[in-house]
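Heads up: the structure comes next, in structure tokens.
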Amino acid sequence: DDGKVAGKADMFTKRTIRKAVPVTHVDTSVEALSVSMGEKAAVDLEYMEGLTGKSREKIISDLKGIIFKVPESGTWQTSEEYLSGNIRKKLISAEKALQGDA
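With the numbering used here applied, the sequence shown corresponds to residues 23 to 124, in that order.
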């Protein structure tokens with residue numbers, strides 16, 4: 023190698039950054055969860071229903087063990103988020119919800 027450059031790199035002569043194209047359809051609930059987390063930074067079941075064409079119940083069933091319902095708020099979180107932080111408090115809350123107290 024003699025250190026000579028054949029020409030300018032594409033970044034100097036061509037458009038290398040493309041406009042982001044929003045995802046409008048996915049086939050699986052797992053893919054919908056990934057898109058939801060990327061676009062909404064949350065488990066958005068309504069958004070995921072629109073992406074997949076699946077019912078809320080089917081998505082929840084498909085994602086059993088991957089997402090968890092927060093008893094206090096009724097929202098859904100990924101397992102990583104739900105199973106972090108004050109686990110003892112969350113366990114007590116989940117037990118109360120199972121007993122119908124929450």
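Beta carbons: idealized from backbone N, C-alpha and C, even for Gly.
(message) For Glu61 and Lys30, I'd like the C-alpha separation in whole angstroms.
(response) In the sequence shown, the residue the question calls residue 61 occupies position 39. In the sequence shown, the residue the question calls residue 30 occupies position 8. When rounded, the distance between both Cα atoms is 35 Å.
(message) Along the chain, where does the beta strand (DSSP E) containing Lys91 start, and where does it finish?
(response) Position 69 of the sequence shown holds residue 91. Run containing Lys91: Ile89 to Lys91, per the beta strand (DSSP E) assignment.
(message) Spatial neighbours of Arg40 within its chain, please: C-beta separation below 8 Å, excluding the five flanking residues on both sides.
(response) Counting from 1 along the sequence shown, the entry for residue 40 is found at position 18. Same-chain partners within the cutoff: there are none.
(message) According to DSSP, is Lys86 part of a helix, a strand, or is it coil?
(response) Working through the sequence shown from its first residue, we reach residue 86 at position 64. If DSSP states are grouped into helix, strand and coil, Lys86 belongs with the strands.
(request) Go ahead and label Ala42 buried or exposed: buried means 16 or more other beta carbons lie within 10 angstroms of its beta carbon, across all protein chains shown. (result) For the purposes of this step, residue 42 is identified with residue 20 of the sequence shown, where counting begins at 1. Label assigned to Ala42: exposed.
(message) My output table needs one value for Thr35: the three-state DSSP class, helix, strand or coil.
(response) Taking the first residue of the sequence shown as position 1, residue 35 is located at position 13. Residue state, collapsed to three classes: helix.
(message) Taking the alpha-carbon of Lys86 as reference, which of Ser77, Ser56, Arg110 and Thr100 has the nearest alpha-carbon?
(response) As a position in the sequence shown, residue 86 is number 64, starting the count at 1. Ranking Ser77, Ser56, Arg110 and Thr100 by Cα distance to Lys86 puts Thr100 first.
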